[in-house]
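Protein chains in written order, with the numbering used here: chain S, 56 to 425; chain U, 128 to 231. We put the CB at the ideal spot given by N, CA and C, even for glycine. Note that the structure is predicted; figures quoted are calculated from it, not measured.
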């Protein structure tokens with residue numbers, strides 16, 4: 056049908072689907088809770104000693120929210136995905152074990168123990184349900200959850216918490232080694248192509264943001280939040296497609312720019328890149344430019360800007376950081392625009408016009424497209 | 128290939144990764160266009176698709192593999208562009224004129 060757009064094989068079920076699925080599950084635990092992250096981010100930006108209106112009393116909420124509330128919400132949501140309301144409840148109980156076992160925000164730990172505890176309860180329920188006598192459902196249900204929840208919390212405290220803490224420290228040390236060696240922009244070589252394969256949520260919410268909150272809690276900001284979420288590279292690409300892309304795509308580019316840059320839905324530019332995969336070079340160059348700018352000028356955000364809209368960016372930028380953040384976004388958009396524009400101009404082939412003509416004729420035939 | 132005739136399409140689910148971003152946007156657009164046909168359009172994460180919930184699933188080609196894995200027998204229409212996609216336009220047209228909709 057749509058052979059005019061050779062954007063990969065929709066029937067794939069291989070590694071990409073598997074990684075996407077894992078990432079989808081990680082993101083599925085975080086994304087429903089983004090509102091709570093925003094509340095925490097705004098609270099932090101406003102009331103910590105370096106914030107807009109420092110307030111010692113209100114700033115007391117910052118610590119408990121990031122250390123306790125957010126991981127427990129993530130664990131709860133993860134449990135709910137596995138085993139409904141009962142899974143959610145046991146996951147919240149178990150996550151407390153992970154949370155008090157350490158002094159860093161335990162997002163990764165919550166993402167492990169939450170679904171695990173719910174899965175264990177699901178297995179227990181499968182055994183007990185058929186054997187429960189009539190009238191004892193509530194008693195057995197409550198106590199099976201209570202007792203297994205206690206045990207999972209203990210496991211979280213003594214087993215999973217310390218392991219994840221060690222793992223987070225290693226990951227964090229690795230990232231900081233990259234930063235101090237000045238190599239962090241190279242991360243864009245992995246991140247930008249992975250985004251286009253719809254791994255954007257997995258990378259940001261599964262890996263980068265959990266590292267970012269550790270920094271943010273200590274230092275009041277983190278560059279980790281800016282690596283995947285920068286709307287600059289996508290803006291540059293869409294501008295390039297608008298001015299120099301295949302004719303059939305130019306019309307939709309301005310609308311896509313609004314949705315991408317202002318609305319923060321980055322997915323909208325992925326299809327354009329999938330159609331001209333060479334444009335990935337523009338995304339990588341733009342992404343790396345942004346990261347380099349943020350790194351050299353010591354920029355950071357207090358929380359993850361989600362969705363990656365310019366408005367979300369401005370809201371979670373700490374006081375005094377706005378010009379640098381805007382500069383980084385503008386530079387990455389400019390670089391990605393120039394590289395993408397050049398690629399689109401030079402790779403222009405006759406089949407473009409053919410495809411456009413085909414598309415046009417099909418449009419006329421069906422009379423339905425706009 | 129699973130298929131369905133346009134007049135029988137009453138419920139469409141748009142799936143995306145998180146079920147809260149791009150799918151909501153596509154669903155809103157679609158609902159507006161299919162209001163006169165009485166079609167309900169909802170959105171969901173691709174991991175939480177349930178076969179009985181809809182007549183047609185709509186998702187981006189990049190997530191098509193997972194949608195197919197989850198619902199091998201459902202009509203799954205995969206699109207390439209979030210705005211102005213020809214296949215989506217074709218599907219709307221088929222629903223309005225009772226054409227045959229074949230999944231990918």
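Query, Result
"Within 7 Å, strictly: CB atoms of residue 265 of chain S and residue 163 of chain S", "yes"
"Counted within 10 angstroms of its Cβ, other Cβ atoms place residue 177 of chain U as buried (16 or more) or exposed", "exposed"
"Cα-Cα separation between residue 374 of chain S and residue 280 of chain S, rounded to whole angstroms", "16 Å"
"Contact list for the stretch 153-164 of chain U against chain S, Cβ threshold 8 Å", "none"
"Of the listed residues S:276, S:211, S:362, S:343, nearest to residue 101 of chain S (C-alpha basis)", "S:276"
"8 Å Cβ cut-off: residues of chain U touching residue 252 of chain S", "189"
"Min CB distance residue 423 of chain S to chain U below 7 Å", "Because residue 423 of chain S sits at a pLDDT of 39, beneath the cut-off of 50, its placement in the model cannot be relied upon, and the following sentence gives the value as read from the coordinates. Output row for residue 423 of chain S: interface = yes."
"Three-way DSSP call (helix, strand, coil) for residue 201 of chain U in this model", "coil"
"Three-way DSSP call (helix, strand, coil) for residue 356 of chain S in this model", "strand"
"Whole-Å CB distance - residue 395 of chain S paired with residue 334 of chain S, under 8 Å assumed", "5 Å"
"Which listed residue (U:174, U:170, U:210) has its alpha carbon closest to that of residue 183 of chain U", "U:170"
"Cβ of residue 149 of chain U within 7 Å of any chain S Cβ", "yes"
"Proximal chain S residues relative to residue 199 of chain U, where beta-carbon distance stays under 9 Å", "The contacting residues do not exist; residue 199 of chain U stays about 10 Å from chain S at best."
"Cβ-Cβ separation, residue 161 of chain U to residue 153 of chain U (assumed contact under 8 Å), whole Å", "Between residue 161 of chain U and residue 153 of chain U the Cβ distance is about 12 Å, and since that is not below 8 Å, they are no contact."
"Own chain, CB closer than 6 Å to residue 337 of chain S, minus 5 neighbours either side, in chain order", "292, 391, 394, 395"
"Anticipated Cβ contact below 8 Å, residue 256 of chain S with residue 73 of chain S, distance rounded", "Residue 256 of chain S to residue 73 of chain S, Cβ: 15 Å. No contact."
"Start-to-end residues for the alpha helix (DSSP H) that takes in residue 254 of chain S", "Element bounds for residue 254 of chain S: n/a, residue is neither H nor E."
"Short-range partners of chain U found in the stretch 255-267 of chain S, where Cβ spacing is below 7 Å", "256"
"Exposed unless 16 or more other CB atoms sit within 10 angstroms - verdict on residue 247 of chain S", "buried"
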